[in-house]
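Visitor:
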Amino acid sequence: MSIRDNTFTIILLGCALGALFGLGIALVILENPWRRPRSVEARVAPYVKQGKARGALGFLDHGRRVHPVIDTNLGPFLVRARAFAARTFGSQREIEKRLALAGGRLNYRDFRVQQLTWAIIAFVASAALGMGLFALGRAPLIALLAFVVIATVTAPLMRDYLLTSAITSRKQAMAREFPTVADLLALAISAGEGPIAAMERVARTSRGELSRELAIAVFEIRAGSTLEDALMNLGTRSPLDSVSRFAETIAVALERGTPLADVMRAQAQDARELSKRTLMESAGRREVYMLMPVVFLLMPLVIVFAVFPGITALQVGL
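Going by UniProt numbering, 99 is the number at position 99 of the sequence shown; the sequence numbering is gapless.
1) On the CB-based measure, 16 or more other CB atoms within 10 Å of its CB, does residue 322 come out buried or exposed?
2) Can you tell me whether residue 193 is helix, strand or coil according to DSSP?
3) Ordered along the chain, which non-local residues of its own chain (more than five positions away) have a Cβ less than 8 Å from that of residue 248?
4) Could you tell me which of 146, 119 and 117 sits nearest to residue 130, measuring between CA atoms?
5) Quick one: using the 10 Å Cβ neighbour count with 16 as the cut-off for buried, is residue 165 buried or exposed?
6) Residue 107 by DSSP, collapsed to three states: which one?
7) How big is the Cα-Cα spacing for residue 295 and residue 270?
8) With burial defined as no fewer than 16 other Cβ atoms inside 10 Å of the residue's Cβ, what is the status of residue 314: buried or exposed?
9) Between which two residues does the alpha helix (DSSP H) carrying residue 235 extend?
10) Can you check whether the CB of residue 181 is closer than 8 Å to the CB of residue 200?
11) Restricting to runs no shorter than 4 residues, where is the alpha helix (DSSP H) found entirely within the UniProt domain "Type II secretion system protein GspF" (182-307)?
12) According to DSSP, simplified to helix, strand and coil, what is residue 93?
13) Could you have a look at residue 139 and say whether DSSP puts it in helix, strand or coil?
14) If the criterion is Cβ atoms closer than 8 Å, does the pair residue 152 and residue 173 meet it?
15) Apart from the five residues on each side of it in sequence, which residues of its chain come closer than 8 Å, Cβ to Cβ, to residue 44?
16) Work out the CA separation of residue 159 and residue 309 for me, nearest whole Å.
17) When DSSP labels each residue in this structure, what does residue 102 get in the three-state scheme?
18) I want to know whether the segment 179-198 touches the segment 259-274 - three or more CB-CB distances under 8 Å.
19) Do residue 255 and residue 228 have their beta-carbon atoms positioned less than 8 Å apart in this structure?
20) Give me the Cα-Cα distance between residue 175 and residue 154, rounded to the nearest whole angstrom.
21) Taking 7 Å as the cut-off, does the CB of residue 23 come closer than this to any heavy atom belonging to the ligand MG?
22) Taking just the CA atoms, how far does residue 96 sit from residue 274?
23) Considering only C-alpha positions, which residue in the set 142, 25 and 211 is nearest to residue 179?
24) Do residue 102 and residue 207 count as a contact pair if the criterion is CB distance below 8 Å?
25) Which one of 278, 163 and 133 has the shortest CA to CA distance from residue 90?
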């Protein structure tokens, strides 16, 4: 085959590829869903009150409603991704409960977006590091691929671990605040204030996680909720069992008509006893922790200092 025939074949191939590319561009422009007439539902939707999708993924729900082509193409993928995330990193109900125990500053969607962001950053960083090491010949390809996969999977798990740490820190903060808050509530109610006014006063005059929860409960009552429901919600949001029991006890006392001042004083006394017991348990654990360097560090050194001279003397004598 001559050079002229090769040139003609290349020209024909280029024309065919250009025609296919132009046809694809024309189909995309002609079948673009954003150029189609809007349906009646899409035109009426902005004037009808609907629940607005919150969170960083709200634009996906909006796009799926307005443009069916997005729902058709991305819908199955999003469903499978959500099921995989629920199996690997916890279901939506579990995550929402843990977020509420951590203070409720994030919703479920924002938390998932943060996990996805962490995974993407870990993937990019580990892939860049792996390519650099592979280019220098410092590590085999299989090990680098395993490193990238492990880093990508570990990053969202680390975000989940930080959520668990936030719950633990909030629980410890509430445990420190609970006796004081219980005493203030008992004092305010014994002085003649109502339970709502006492909660509002304590929330206004004190600072902390428990005071913040009292402020949220007062806000719910002002918004139309009953005092019993607000207290039950407070117990549900609290990661501390003693606070949950405290809220449930007050709610039951209100339902049965029990004198609230006596109940509050008893609850405050129980809170003080619980604080003392928790302090004693913590001191006992710290005592065990203090023995660990003595047993594993100081005692071996003492034994070495006591035995080594004798062993040296025996070796010299022999």
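Ideal Cβ placement from N, Cα and C applies to all residues, glycine included.
Guide: Answer, in terms of the structure:
1) Because the chain is modelled from 1 through 318, residue 322 falls outside the range shown and cannot be assessed.
2) DSSP, reduced to helix, strand and coil, places residue 193 outside both helices and strands of the structure shown, so it counts as coil.
3) Within the same chain, Cβ atoms closer than 8 Å to the Cβ of residue 248 are found at 231, 232 and 235, the five residues on either side in sequence being excluded.
4) Of 146, 119 and 117, the residue nearest in Cα terms is 146.
5) Residue 165 comes out exposed.
6) If DSSP states are grouped into helix, strand and coil, residue 107 belongs with coil.
7) When rounded, the distance between both Cα atoms is 38 Å.
8) Exposed, by the Cβ-count rule.
9) From DSSP, the alpha helix (DSSP H) with residue 235 extends over 227-237.
10) No, these two residues do not count as a Cβ contact at 8 Å.
11) Runs of alpha helix (DSSP H) with 4 or more residues, each lying fully within the UniProt domain "Type II secretion system protein GspF" (182-307), are found at 195-205, 209-222, 227-237, 241-256 and 260-293, listed in chain order.
12) Helix at residue 93.
13) DSSP places residue 139 in coil when its eight states are reduced to three.
14) Judged by beta-carbon spacing, residue 173 lies beyond the 8 Å limit of residue 152, meaning their Cβ atoms are not closer than that value.
15) Correct list: empty, nothing qualifies.
16) Distance between the alpha carbons of residue 309 and residue 159: 53 Å.
17) Reduced to three states, the DSSP call for residue 102 is coil.
18) The segment 259-274 and the segment 179-198 touch, with three or more beta-carbon pairs separated by less than 8 Å.
19) The answer is yes: Cβ separation under 8 Å.
20) So the two alpha carbons sit approximately 31 Å from each other.
21) Looking at this structure, you won't find the ligand MG or any other ligand, since it has none at all.
22) About 29 Å.
23) It is 211.
24) Here residue 207 is not near residue 102, since their CB atoms are 8 Å or more apart.
25) Closest by C-alpha distance to residue 90, out of 278, 163 and 133, is 163.
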